[in-house]
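Below is one structure, written out as structure tokens, with a few remarks after it.
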Amino acid sequence: MQSPLVTDEFMQRYLLGELAPEERARFEEFYFTRGEVFERLRLVEEELLDSYVRDELAPEQRARFEAHYLVSRERHERVEFAQRLAEVIAAEPLQAALLHRLLAWSRAQWARFKSPHSAGRWAIAGLTMLALIFAMALLRRNTLRPDFTAPPSLPIADSPALARATFTLTPRTFSVVLPKQTLLLPADARTVQLQLVLEDGETFQSYRAALRSREGEEIWQGDRLLATPLAAGNAIIFSVPALDLLESEYTIALSGLRQAEVILVLDHARRALIQIDPMTGARTTLSQRGKLITPMRFAMDAGGAIFVVNSEGASEGCRLGCGNVIKIDPLSGEQTVVSSAGMFGILHGLAFEPSGDVLVSSTYVDRAAAIIRVNARTGAQSLASSAGLLFNPIDLALDANGDILVSEDRSQEGASALLRLDSRTGAQSVIAQAGHLIAPNGIALAPRGEIWIADAHEHRVVFSGPLEDSGGPGKIIRLDPLTGEQSVLFSGQHFRDPSAIAFSSDGTVYVADPNAVRQQRGAIIRIDPNTGKQEVLARGEDIAGPVDIAVAPPTTANSAFVVAQPLRQYSFTVKIE
234 MQSPLVTDEF MQRYLLGELA PEERARFEEF YFTRGEVFER LRLVEEELLD SYVRDELAPE
294 QRARFEAHYL VSRERHERVE FAQRLAEVIA AEPLQAALLH RLLAWSRAQW ARFKSPHSAG
354 RWAIAGLTML ALIFAMALLR RNTLRPDFTA PPSLPIADSP ALARATFTLT PRTFSVVLPK
414 QTLLLPADAR TVQLQLVLED GETFQSYRAA LRSREGEEIW QGDRLLATPL AAGNAIIFSV
474 PALDLLESEY TIALSGLRQA EVILVLDHAR RALIQIDPMT GARTTLSQRG KLITPMRFAM
534 DAGGAIFVVN SEGASEGCRL GCGNVIKIDP LSGEQTVVSS AGMFGILHGL AFEPSGDVLV
594 SSTYVDRAAA IIRVNARTGA QSLASSAGLL FNPIDLALDA NGDILVSEDR SQEGASALLR
654 LDSRTGAQSV IAQAGHLIAP NGIALAPRGE IWIADAHEHR VVFSGPLEDS GGPGKIIRLD
714 PLTGEQSVLF SGQHFRDPSA IAFSSDGTVY VADPNAVRQQ RGAIIRIDPN TGKQEVLARG
774 EDIAGPVDIA VAPPTTANSA FVVAQPLRQY SFTVKIE
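So for the sequence shown, the numbering used here puts the first residue at 234; every next one is plus one.
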């Protein structure tokens with residue numbers, strides 16, 4: 234479900250200062266973490282400014298515009314500039330069309346320069362300044378030159394810039410090179426509607442379209458687009474700002490979206506929640522930065538919302554640690570704080586109880602460690618268990634009986650262990666201690682009820698079974714939940730510091746390692762459970778420090794995860810009339 238924060242009406246209310254303080258703060262957090270929202274807000278702001286200049290705002294909106302929007306010298310100058318441009322449009326339409334196009338492009342590039350998501354910002358700034366100098370000269374020439382033909386009181390007509398240019402594009406498959414289609418775009422167009430005709434019999438639940446420049450820069454992307462019947466056949470229809478299209482060559486890459494099981498990864502280094510297609514390794518960033526300060530663990534509730542624990546530095550007003558728990562909408566990427574401060578110290582693990590409450594593990598400098606229960610709706614905190622065997626609790630999981638499993642890392646002092654806590658009384662007991670457990674990290678429950686643990690034993694991971702120990706760093710351990718018997722499953726090859734484990738529905742094992750041995754950086758490693766064969770599914774700059782991993786089902790109560798299947802590209806050239 235699309236967030237209401239990205240509607241044009243909501244954005245206009247934001248610009249006019251009509252939002253309540255909490256709504257404004259919520260939107261600004263969303264705005265700074267989503268590049269496409271920044272671009273859309275820019276267009277809404279331009280339309281609002283033009284409506285003011287043409288006196289098309291309702292009286293109360295005009296009053297709000299003057300009282301709230303016109304609060305800076307820069308904004309006053311923009312309005313004055315737009316008013317002078319309107320005068321030129323009335324007097325010399327042909328030159329005005331060129332001027333309007335040039336100014337629109339300049340404003341778009343300047344907005345991209347100010348955007349936190351923009352690359353090549355200083356090159357953009359230089360080109361924008363040159364364009365603005367030329368535009369100012371043209372505008373000055375037209376406004377200062379005597380006009381002996383146009384009456385001084387000539388009324389200003391509605392600008393044709395509101396017109397929408399519509400174009401229908403036919404497919405160009407990736408394997409066939411055909412002549413590009415040419416779009417003759419009016420210079421004063423404000424919006425371009427593109428209709429991508431689908432091939433006969435092609436049906437997906439929804440589609441993704443990405444508009445790219447000749448250099449490969451992504452200009453616009455739309456997700457979960459639905460097919461619409463036209464005379465030419467079913468088509469994907471969407472609109473983009475005309476000012477984003479210059480005279481050049483473009484391509485639109487179209488992909489079909491289908492619901493599928495996906496891998497979710499929490500990346501500590503990138504401060505991001507990432508979705509990975511297990512078939513192709515393609516990555517999609519669901520949410521990044523914002524309230525993701527020091528993300529360590531995450532879990533999904535029954536409704537599909539994702540809860541993340543920040544280890545420290547995320548809460549105001551606390552003495553030590555300052556961790557918190559936030560909630561992320563996987564469709565919109567919106568982040569909200571669930572609980573902070575209070576009992577929280579330095580937080581490590583997170584798990585959901587059957588009741589829907591959240592459990593987090595916390596350590597402190599001045600007192601014993603604890604497991605804290607958090608009401609997921611209200612954020613209220615209560616103590617589940619503390620002190621006793623708890624020294625440095627890392628990860629949490631729930632066993633088949635609903636009891637709490639805790640990985641206890643005592644690699645710096647004493648013997649590490651796997652603990653069990655009674656979920657009702659908080660009573661603590663040891664399932665296994667020492668042995669292969671050196672620096673236990675992530676806990677996972679295997680399909681057959683076994684407990685698996687990722688262990689970074691001096692950067693080693695061990696194998697017990699048909700494969701011999703390769704002597705590589707870190708290990709993954711299997712424990713019998715009744716006897717505590719340990720055996721080492723996988724080791725060597727790509728492992729260095731495995732931090733988390735997840736299982737797909739077919740039994741495939743996925744491991745997050747923030748320091749994969751051969752890549753010397755983060756990687757997601759896939760393991761065949763029958764042969765132990767490892768392969769790197771994802772790595773690179775967008776997988777820098779993965780610390781937690783989970784496999785999400787295709788659908789949940791309130792959301793659906795989708796993966797993209799590339800279909801074809803639509804190529805075209807823009808000529809401005």
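Virtual Cβ for every residue (Gly too), placed ideally from N, Cα, C.
Own chain partners of residue i with C-beta closer than 7 Å, once the 5 adjacent residues on each side are dropped
i      : result
Leu290 : Ser284 and Phe298
Phe471 : Leu427, Ala442, Gly455 and Leu458
Ser612 : In the sequence under discussion, the amino acid at residue 612 is Gly, which differs from the Ser named in the question. If we look at Gly612 and ignore the five residues flanking it on each side, its Cβ neighbours are Val571 and Ser572.
Ala315 : Leu282, Asp283 and Val286
Ser738 : Glu494
Glu480 : Val807, Lys808 and Ile809
Gln438 : Leu490, Arg491 and Gln492
Endpoints, the alpha helix (DSSP H) within which residue i is located
i      : result
Ala486 : It is not in any alpha helix (DSSP H) - Ala486 instead sits in the beta strand (DSSP E) that spans Glu482 to Gln492.
Gln767 : From DSSP, Gln767 is part of no alpha helix (DSSP H) but of the beta strand (DSSP E) over Gln767 to Arg772.
Pro292 : Pro292 to Arg297
Glu242 : Asp241 to Leu248
Close-in-space but distant-in-sequence residues of the same chain around residue i (CB under 8 Å, 5 per side omitted)
i      : result
Glu774 : none
Leu186 : This structure leaves residue 186 out entirely; the chain is present only between 234 and 810.
Pro587 : Leu631 and Gly635
Val780 : Leu499, Asp500, His501, Pro528, Met529, Arg530, Ser732, Ala733, Ala745 and Pro747
Asp590 : Arg606, Val607, Asn608 and Ala609
Gly811 : The structure shown does not extend to residue 811, since the chain spans only 234 to 810, so no value can be given for it.
Residue i: CB within 7 Å of a non-hydrogen atom of the ligand HEM
i      : result
Glu810 : Absence of the ligand HEM from the depicted structure is noted, as is the absence of any ligand whatsoever, leaving it without description.
Neighbour-count burial assignment, residue i, 16 or more Cβ in a 10 Å radius
i      : result
Arg606 : buried
Lys766 : exposed
Glu279 : buried
Asp241 : exposed
Lys560 : buried
Glu293 : exposed
Ser640 : buried
Pro563 : buried
Thr436 : exposed
Gly546 : exposed
Ser594 : buried
Leu519 : buried
Thr596 : buried
Val598 : exposed
Ala464 : exposed
Presumed contact (8 Å Cβ cut-off) between residue i and residue j, rounded CB distance
i      : j      : result
Ile760 : Phe723 : 6 Å
Ile637 : Ser656 : 6 Å
Leu429 : Gln414 : With 8 Å as the limit, Leu429 and Gln414 do not qualify as a contact, their Cβ atoms being about 11 Å apart.
Leu525 : Gly582 : At roughly 17 Å, the Cβ-Cβ gap does not stay under 8 Å, so Leu525 and Gly582 are not in contact.
Gly523 : Val542 : Contact doesn't hold; Cβ gap of about 15 Å is too wide.
Ala505 : Gln521 : 4 Å
Asp784 : Ile496 : According to the sequence displayed, residue 784 carries Val and not Asp. Right, the Cβ-Cβ distance comes to about 6 Å (below 8 Å), so this counts as a contact.
Continuous beta strand (DSSP E) stretch holding residue i: start and end
i      : result
Phe805 : Val795 to Ile809
Tyr743 : Val742 to Ala749
His581 : Ile579 to Phe585
Leu638 : Ile637 to Glu641
Gly466 : Gly466 to Pro474
Ala617 : Gln614 to Ser619
Phe437 : First-last for Phe437: undefined, no H or E at that position.
Gln454 : Glu451 to Leu458
Ala785 : Pro779 to Ala785
Lys708 : Lys708 to Leu712
Val598 : Premise fails: Val598 is in no beta strand (DSSP E) and is neither H nor E.
Asp688 : Ile684 to Asp688
Glu517 : At residue 517 the sequence reads Thr, which differs from the Glu that was named. It spans Arg516 to Gln521 - the beta strand (DSSP E) in which Thr517 sits, taken as one unbroken run.
Phe400 : Arg397 to Leu402
6 Å Cβ shell around residue i - same chain, five flanking residues per side excluded
i      : result
Gly250 : His301
Pro799 : Ser488
Pro684 : Correcting the residue type first, residue 684 is Ile in the shown sequence and not Pro. Closer than 6 Å at the Cβ level, and outside the excluded window around Ile684, lie Leu712 and Pro714.
Val744 : Pro731, Ile734 and Ile758
Leu274 : Met244
Gly778 : Asp500, His501, Ala502, Pro747 and Gly755
Glu768 : Arg759
Tyr803 : Leu402, Arg405, Leu429 and Ile485
Leu444 : Ile452, Trp453 and Ile485
Leu252 : Arg246
Ile776 : Gly755
Ala538 : Lys560
Ser618 : Ile604, Leu654 and Gly659
Residue-level contact to chain B via CB, residue i, 8 Å cutoff
i      : result
Leu715 : Reference to chain B is not applicable here, since this structure consists of a single protein chain.
Three-pair Cβ contact test at 8 Å for the region 471-484 versus the region 506-525: By the Cβ rule, the region 471-484 does not count as touching the region 506-525, because fewer than three pairs are nearer than 8 Å.
Meets three-Cβ-pair contact criterion under 8 Å: the region 647-654 and the region 608-625: Yes: at least three Cβ pairs fall under 8 Å.
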